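K.L.:
Protein chains in written order, with the working numbering: chain X, 96 to 439; chain G, 96 to 439.
Take a look at this one; I'll ask things after.
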DNA sequence: TTCTGGCACTCGTAGGTTCAGAGTGCCAGG
DNA sequence: CCTGGCACTCTGAACCTACGAGTGCCAGAA
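Put into structure tokens, the structure is as follows:
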């Protein structure tokens, strides 16, 4: 890869950068003459044409037809993102607006809802936000409530404000004292622990109860472990699908597979799941495993209440998107959500 | 209105019906000749043409251009739905499939999710399902959990399986015995009551506690009342947006306002809210108050765990939709969801 | 009175043709 | 190594034409 890039001198890279910028702006293939006019490259169109030929040779740009302008390829965008572009920071007023908008949230649902709408609006693309995941969260409190003689409701509250609840059908009648005892012992051991670690701390619990109560205890614990492990319950919120209409000219074809993909939570979860734990992840066109999204790009990043990322959020747009601006918006929003979560 | 209809004899109505059916099938303006061929009306094209002229005069159909076929107007669809069409019952295998699909649900979220997906798939349109609303539900249980000396978590469980939770910041330290007492008294009075009626049963509660505990009691009750009254918390689930691509030929124009409308929960809630309490509601084109949905039709119906409707569900599609089939699917799905809710 | 066959007419669409302009590749000279 | 010039290519817009589906109307039949 270093070899390939060495073959491209600075001017060629500048040409590629200019092509990407222009194409993102105009959505039309960009020719040598227009390039020289808009960016002061200090060389003639003919020179630029030579550079373009080289860039095409290397697979960074591509011509829809002979004698039309050039369009960046996925590989071209990749190079642009990796080497030629800088994340564009949000302006102070924008940052203030983000902060202000997110501050109004009243609970976790609201926070996520606001985040996803904000992100869609800022980027004018489709925004996706994953709820703070259970596996990265810690236990704030576990509650057991007797609803009927043999029915117990189990409520799990995490440090991110998420609440999961399960019904437990017990094998026999459950005494209130046993329940209180169990509740106290569970919380004493589990509070503050990360969810996946909790079962380890509760192993010896059944042994601490009377023989008669053990079936109940193990049943409750089984349900709890199930809730702790439940990865399927990962939830996602979506906004900005209306922005899909700005996607391309050849309509139903481009947009339909994307809409279908967006309906599949599984796909979205996997998409976000592939985000690197630290730093921003940008996947471009064919780099995306899911076929329906092959003509889109995904910009995603983790966010969390502390330093650690507890969930991911991101944006899905056409490969021809304003990468620096989108990345700036995604990063800024992720930061502020993190702060909000840490405060609450 | 009766007067207008009287002017249309049976054959004219048959012609209108045929036009609607053909247009829904082909999506293309339908002419007199094709009509006579496909439906055996027993008259010649010329006669049909005369009838069509009359129907157009009355505003039931309309010509895109001179010398193209006819297209039903909103008014035409309205007459079709009201007088000319019958709800098409689902076939036995279809009913079995619905039943089977919905039976697999594990909780309320899952039930709603399955319902909306099923509806979208059956009708090949956009489906909308409202969560069982709080105001129509009854209290199953109310739980109070001390999380910290001055922090109490309040959990409200309804008969429809819905769980709402709130944090309460109390003015002073809350004793465990007081909390247990309060919990017991609240449940004794509220269990089984409809949510809006609950405050009435709890009025004299503060007076039953020691002077010192009253601020805590009133604070908790205030939060509870708030949760009970929360109409904003109406939630909605959506599916089948990919079906929008089958809407019309002139693409971004038709689809964009619809996508925008679908993102506005408020719009959707109002849309469903306007559904009649009993029976199916069909709104066609301009009959819909919201501008972005002016070229769509909405078929909606209430569903509930007993005889009573606790929420609404429906389908949004192009005015040119298969009304009998859509209405049949919507009705069937609503019935089965109702049964599922009643069982759980 | 109501339906029918015939006929002239309208008009949108599909297909073909032309033309201008944008863009290219290449080459010879600075 | 860059540049201006030049011949070439090809798309897209504009225009035209012919076709055919569909209509409205009218005179005659039932």
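For every residue, glycine included, the Cβ atom is placed at its ideal position computed from N, Cα and C.
Being a predicted model, the structure only gives us computed values, none of them experimental.
Looking at the C-beta of residue 241 of chain X, does it have a partner C-beta in chain G at a distance below 7 angstroms?
P.N.:
Not closer than 7 angstroms to any Cβ of chain G, the Cβ of residue 241 of chain X fails to qualify, so no.
K.L.:
Using the Cα positions of residue 244 of chain G and residue 367 of chain X, report the straight-line distance between them to the nearest angstrom.
P.N.:
Looking at the two C-alpha atoms, the distance is approximately 39 angstroms.
K.L.:
Taking the C-alpha atoms as reference points, what is the distance between residue 434 of chain X and residue 399 of chain X?
P.N.:
Each residue's alpha carbon lies about 8 angstroms from the other.
K.L.:
Can you tell me whether residue 254 of chain X is buried or exposed, with buried defined as 16 or more other CB within 10 angstroms of its CB?
P.N.:
It counts as buried.
K.L.:
Report the residues of the region 170-193 of chain G with a CB closer than 8 angstroms to any CB of chain X, ordered along the chain.
P.N.:
Against chain X - using a Cβ distance shorter than 8 angstroms - the region 170-193 of chain G contributes no residues.
K.L.:
For chain G, check one thing: does any of its Cβ atoms lie closer than 7 angstroms to the Cβ of residue 260 of chain X?
P.N.:
It does; some Cβ of chain G falls within 7 angstroms.
K.L.:
CA-CA distance, residue 281 of chain X and residue 308 of chain G?
P.N.:
Cα-Cα distance, rounded: 29 angstroms.
K.L.:
Ordered along the chain, which non-local residues of its own chain (more than five positions away) have a Cβ less than 8 angstroms from that of residue 111 of chain X?
P.N.:
Only 103, 150, 155, 156, 167, 171, 174, 175 and 179 meet the Cβ criterion.
K.L.:
My guess is that residue 389 of chain X and residue 378 of chain X are in contact by the Cβ rule of under 8 angstroms, so how many angstroms apart are they, rounded?
P.N.:
Between residue 378 of chain X and residue 389 of chain X the Cβ distance is about 11 angstroms, and since that is not below 8 angstroms, they are no contact.
K.L.:
Check the Cβ-Cβ distances between residue 351 of chain G and every residue of chain X, and say whether any is below 7 angstroms.
P.N.:
Closer than 7 angstroms: yes.
K.L.:
Quick one: give me the first and last residue of the alpha helix (DSSP H) that residue 127 of chain G is part of.
P.N.:
From DSSP, the alpha helix (DSSP H) with residue 127 of chain G extends over 127-133.
K.L.:
So what's residue 264 of chain G in DSSP terms, helix, strand or just coil?
P.N.:
Of the three classes helix, strand and coil, the one that applies to residue 264 of chain G here is strand, per DSSP.
K.L.:
Could you pull the DSSP bridge partners for residue 156 of chain X from this structure?
P.N.:
Bridge partners of residue 156 of chain X: X/167.
K.L.:
With burial defined as no fewer than 16 other Cβ atoms inside 10 Å of the residue's Cβ, what is the status of residue 122 of chain G: buried or exposed?
P.N.:
That one is exposed.
K.L.:
Looking at the strands, I want to know which residues DSSP matches up with residue 397 of chain X.
P.N.:
BP columns for residue 397 of chain X point to X/407.
K.L.:
Taking only the alpha-carbon atoms, compute the straight-line gap between residue 410 of chain X and residue 302 of chain X and give it to the nearest angstrom.
P.N.:
Between residue 410 of chain X and residue 302 of chain X, the C-alpha separation is close to 50 angstroms.
K.L.:
Where does the unbroken alpha helix (DSSP H) through residue 279 of chain G begin, and where does it stop?
P.N.:
Taken as a continuous stretch (DSSP letters only), the alpha helix (DSSP H) holding residue 279 of chain G covers 271-285.
K.L.:
Taking only the alpha-carbon atoms, compute the straight-line gap between residue 288 of chain G and residue 401 of chain G and give it to the nearest angstrom.
P.N.:
Roughly 15 angstroms between the two C-alpha positions.
K.L.:
In this structure, how does DSSP classify residue 246 of chain G when only helix, strand and coil are distinguished?
P.N.:
Residue 246 of chain G falls in the strand class under three-state DSSP.
K.L.:
Counting only beta-carbon separations shorter than 7 angstroms, does residue 272 of chain G have a partner in chain X?
P.N.:
With 7 angstroms as the cut-off, residue 272 of chain G does not count as an interface residue toward chain X.
K.L.:
If contact is defined by three or more beta carbon pairs under 8 angstroms, each pair taking one atom from either stretch, is the region 317-336 of chain X in contact with the region 201-218 of chain X?
P.N.:
Yes, the region 201-218 of chain X touches the region 317-336 of chain X.
K.L.:
List the residues that DSSP assigns as beta-bridge partners of residue 289 of chain G.
P.N.:
G/233, per the DSSP bridge assignment.
K.L.:
Using a cut-off of 7 angstroms between C-beta atoms, extract the partners of residue 355 of chain G located in chain X.
P.N.:
Neighbours of residue 355 of chain G on chain X, chain order: 337.
K.L.:
Distance cutoff 7 angstroms, beta carbons only. Does residue 327 of chain X sit that close to anything in chain G?
P.N.:
With a pLDDT of only 48 at residue 327 of chain X, under 50, the local geometry of the prediction cannot be trusted, and the value read off the model is given with reservation. Chain G contact via Cβ: absent.
K.L.:
When you compare the CB of residue 255 of chain X with every CB in chain G, is at least one pair closer than 7 angstroms?
P.N.:
Not one chain G Cβ lies under 7 angstroms of residue 255 of chain X.
K.L.:
Show which residues of chain G have a CB atom less than 8 angstroms away from the CB atom of residue 236 of chain X.
P.N.:
240, 242 and 248, listed in chain order.
K.L.:
What would DSSP say about residue 412 of chain X, mapped onto helix, strand or coil?
P.N.:
Looking at residue 412 of chain X - three-state DSSP - the assignment turns out to be strand.
K.L.:
Identify the residues that DSSP records as bridge partners of residue 238 of chain G: which are they?
P.N.:
According to DSSP, residue 238 of chain G bridges with G/250.
K.L.:
Indicate whether at least one CB of chain G lies closer than 7 angstroms to the CB of residue 340 of chain X.
P.N.:
So yes, residue 340 of chain X belongs to the interface.
K.L.:
Out of X/304, X/306, X/283 and X/305, state which residue places its alpha-carbon closest to the alpha-carbon of residue 296 of chain X.
P.N.:
The option with the nearest alpha carbon to residue 296 of chain X is X/283.
K.L.:
When Cβ atoms are compared, which residues of the region 273-307 of chain G fall closer than 7 angstroms to chain X?
P.N.:
Listed by position along the chain: nothing, the set is empty.
K.L.:
Please report how far the alpha carbon of residue 442 of chain X lies from the alpha carbon of residue 238 of chain G, in whole angstroms.
P.N.:
Only positions 96 to 439 of chain X appear in this structure, which leaves residue 442 of chain X out of reach.
K.L.:
Using the beta-carbon of each residue, which ones in chain G are nearer than 7 angstroms to residue 334 of chain X?
P.N.:
The contacting residues are 358.
K.L.:
Taking the DSSP output, what are the residues bridged to residue 143 of chain X?
P.N.:
The partner list for residue 143 of chain X (beta bridge, DSSP) is empty, contrary to what the question assumes.
K.L.:
By DSSP, does residue 332 of chain X sit in helix, in strand, or in coil?
P.N.:
Strand, per DSSP.
K.L.:
Are three or more beta carbon pairs between the region 181-198 of chain G and the region 413-432 of chain G nearer than 8 angstroms?
P.N.:
These segments touch.
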